[in-house]
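Peer 1: Okay, here's the structure, questions in a sec.
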Amino acid sequence: MSSEPTAETNAAIAASLAAEIPIVDLADLASHDTVANDRAAHGLREGFGRFGLVYVRAHGIDPHALDAFYDAFLGFTAQPESEKQKVARPDIWFQRGWTPPNTERAIIAGGQPDFKECYFAAPEPLDPLARQQYPEIYAENIWPEGDDAFRQRMLVIGHQLHRVGLALLRGCAQALGLAPYLFEELVHGGPHVTRALRYLPLTPDQLGTGILWGEEHTDFNLLTLLPGGRFLDPQGKRCARPDDQSGLYLRTRPSPEHPQGVMLRGFAPEGCLVAQVGQELEILTGGTFLATPHVIKAPLTAGYERLATAHFIHVHAHKVLQPLEPFLTDAAVAAYSPPVLAGTYGTKTLVDIGLAGPSALQQLGYRHYDRLEGLRR
Ligand SMILES: [Fe+2]
Numbered sequence: 000m001s002s003e004p005t006a007e008t009n010a011a012i013a014a015s016l017a018a019e020i021p022i023v024d025l026a027d028l029a030s031h032d033t034v035a036n037d038r039a040a041h042g043l044r045e046g047f048g049r050f051g052l053v054y055v056r057a058h059g060i061d062p063h064a065l066d067a068f069y070d071a072f073l074g075f076t077a078q079p080e081s082e083k084q085k086v087a088r089p090d091i092w093f094q095r096g097w098t099p100p101n102t103e104r105a106i107i108a109g110g111q112p113d114f115k116e117c118y119f120a121a122p123e124p125l126d127p128l129a130r131q132q133y134p135e136i137y138a139e140n141i142w143p144e145g146d147d148a149f150r151q152r153m154l155v156i157g158h159q160l161h162r163v164g165l166a167l168l169r170g171c172a173q174a175l176g177l178a179p180y181l182f183e184e185l186v187h188g189g190p191h192v193t194r195a196l197r198y199l200p201l202t203p204d205q206l207g208t209g210i211l212w213g214e215e216h217t218d219f220n221l222l223t224l225l226p227g228g229r230f231l232d233p234q235g236k237r238c239a240r241p242d243d244q245s246g247l248y249l250r251t252r253p254s255p256e257h258p259q260g261v262m263l264r265g266f267a268p269e270g271c272l273v274a275q276v277g278q279e280l281e282i283l284t285g286g287t288f289l290a291t292p293h294v295i296k297a298p299l300t301a302g303y304e305r306l307a308t309a310h311f312i313h314v315h316a317h318k319v320l321q322p323l324e325p326f327l328t329d330a331a332v333a334a335y336s337p338p339v340l341a342g343t344y345g346t347k348t349l350v351d352i353g354l355a356g357p358s359a360l361q362q363l364g365y366r367h368y369d370r371l372e373g374l375r376r
């Protein structure tokens, strides 16, 4: 008789693990009460170490501001493609403005393009020197003409999410026994971006073809904040989740019992947002914190769409990505070598995921060999 676990057993394991994802209260993190403070630090260690993810309560994101932002974004996406193309900028690797559907793809074998359209904006001031050195990832914002509400609302949400991220990074430093502002110093002036996403409705003939809203991947930045989104039914009306399978799933860290990890639903409790570890935080902590593999599954019924927002906090382009001193073990060095500038790392990744062309890699390193060639003629 087979000892393979049944689908029901797997689902029960996944549900029980999902219930263990910690909720971190930002008020606890800011508290002078050591019990509350330790509780939050423990939640971050456990959540980011085991799952690569925590839920965040008391985050201070204004739900009305988020709602107003989705209304404005929906207005933008409803325009004809010819209008949206005016703010599509392949020359800056789509790092600002509109990203058309089927442009970005995840870096895994056979990764299919994501079935979504997006808008990128930088809500924080940009480092002037880095703007010159990295004109794509530090590009100025671009906005649809005559749509000031969209611009203002996106910047408000981006800024609020950024503040939540900085508070969590202070908590991470505490949880890991590091200097309290270490991560904040690493991200100061970084190429942070807020992204509005619209996951597109499937047509009836796309159902059951394995199409995904977002192919499984790990984020390449330091920390990602996801404040929750909005489903729309085939008539465009706001609705509940159309089935219990669509949405965000994450893969836990592999273990001897589950060598491929376990896929869990990432479903934030009411009023909480999701914070996820990206590759940069995994590298800096030598793997102590785990970049969460995650996938966005499309609904089982045609015609449903979803709006979502993500804010990506990045290490400043000038900082070196390698395990920090306390995590600099032989195993971590072997796993995360060679050290690389965060700006170079970003450029390489944007080529890998199809947003930048391969020629972007030729910008790295010395580019003036032709001068000597000219002199030798
Ligand atoms: Fe992601």
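So the sequence shown is numbered by numbering that gives the first Met the number 0: it starts at 0 and just counts up by one. Idealized CB from N, CA, C, for every residue including glycine.
(1) Tell me whether Asp218 counts as near ligand 1, meaning its Cβ is closer than 6 Å to at least one heavy atom of that ligand.
(2) Quick one: which unbroken beta strand (DSSP E) runs of 3-plus residues sit fully inside the region 15 to 69? Chain order, please.
(3) With which residues is Met262 paired in a DSSP beta bridge?
(4) What's the gap between the Cα of Thr291 and the Cα of Gln234?
(5) Taking the C-alpha atoms as reference points, what is the distance between Pro357 and Val350?
(6) Would you mind giving the Cβ-Cβ distance between Thr284 and Leu320, rounded to the nearest angstrom? I have them listed as a contact below 8 Å.
(7) Using DSSP with H/G/I as helix, E/B as strand and the rest coil, what is Thr346?
(8) Going residue by residue through the region 301 to 376, where are the continuous beta strand (DSSP E) segments of at least 3 residues, counting only ones entirely within it?
(9) Determine the extent of the beta strand (DSSP E) in which Glu214 is found, giving its start and end residues.
(10) Determine the closest residue to Gly265 out of Ala6, Glu7 and Ile22, with distance taken between C-alpha atoms.
(11) Can you look up Ala290 in the DSSP assignment and give me helix, strand or coil?
(12) So for Lys236, helix, strand or coil by DSSP?
(13) Given a threshold of 16 other Cβ atoms within 10 Å of its Cβ, counted over all protein chains shown, does Arg197 qualify as buried or as exposed?
(14) Based on DSSP bridge pairs, tell me the residues matched to Gly96.
(15) DSSP puts Ile295 in a beta bridge; with which residues?
(16) On the premise that Phe72 lies in contact with Leu289, defined as a C-beta separation below 8 Å, what is that separation, rounded to the nearest angstrom?
(17) If contact is defined by three or more beta carbon pairs under 8 Å, each pair taking one atom from either stretch, is the region 114 to 134 in contact with the region 183 to 200?
(18) Arg194 bridges to which residues according to DSSP?
(19) Excluding sequence positions up to five away, which residues of its chain have a Cβ less than 6 Å from the Cβ of Val192?
(20) Give a yes or no on whether the minimum CB-CB distance between Gln132 and chain C is below 7 Å.
(21) Measure the alpha-carbon distance for Phe230 versus Val86 and round it to whole angstroms.
(22) With DSSP collapsed to three states, give me the class of Ala108.
(23) Return the chain-ordered list of same chain residues with a C-beta closer than 8 Å to the C-beta of Arg169, the five sequence neighbours on each side being excluded.
(24) Ile136 to Tyr54, Cα distance in whole Å?
(25) Run the CB neighbour count on Cys117, radius 10 Å, all protein chains shown included, and call it buried at 16 or more, exposed below.
(26) Excluding the five sequence neighbours on either side, which residues of its own chain have a C-beta within less than 7 Å of the C-beta of Pro203, listed in chain order?
(27) Rank Ala331, Val163 and Tyr344 by C-alpha distance to the C-alpha of Ile57 and give the top, closest one.
(28) Do Asp218 and ligand 2 come close, with the Cβ less than 6 Å from some heavy atom?
(29) Count the other CB atoms, across all protein chains shown, that sit within 10 Å of the CB of Val34; report buried if there are 16 or more and exposed otherwise.
(30) Using DSSP with H/G/I as helix, E/B as strand and the rest coil, what is Ala274?
(31) Considering only their Cβ atoms, is the gap separating Ala316 from Gly342 smaller than 7 Å?
Peer 2: On the basis of the coordinates in this document:
(1) yes
(2) 22 to 24 and 52 to 56
(3) Arg250
(4) 34 Å
(5) 6 Å
(6) At roughly 11 Å, the Cβ-Cβ gap does not stay under 8 Å, so Thr284 and Leu320 are not in contact.
(7) helix
(8) 304 to 312
(9) Gly213 to His216
(10) Ile22
(11) coil
(12) coil
(13) buried
(14) Phe119
(15) Gly213 and Leu247
(16) With 8 Å as the limit, Leu289 and Phe72 do not qualify as a contact, their Cβ atoms being about 31 Å apart.
(17) yes
(18) Phe119 and Ala309
(19) Phe119, Ala121 and Phe311
(20) Note that chain C does not occur in the displayed structure, where there is just one protein chain.
(21) 25 Å
(22) With a pLDDT of 45 at Ala108, under the threshold of 50, the predicted position of this residue should be treated as unreliable, and no value is reported.
(23) Leu28, Pro179, Tyr180, Phe182 and Glu183
(24) 28 Å
(25) buried
(26) Ala301
(27) The sequence shown places Ala at residue 57, not Ile. Out of Ala331, Val163 and Tyr344, Val163 has the C-alpha closest to the C-alpha of Ala57.
(28) Only ligand 1 can be found as ligands here, which leaves ligand 2 out of the picture.
(29) exposed
(30) strand
(31) yes
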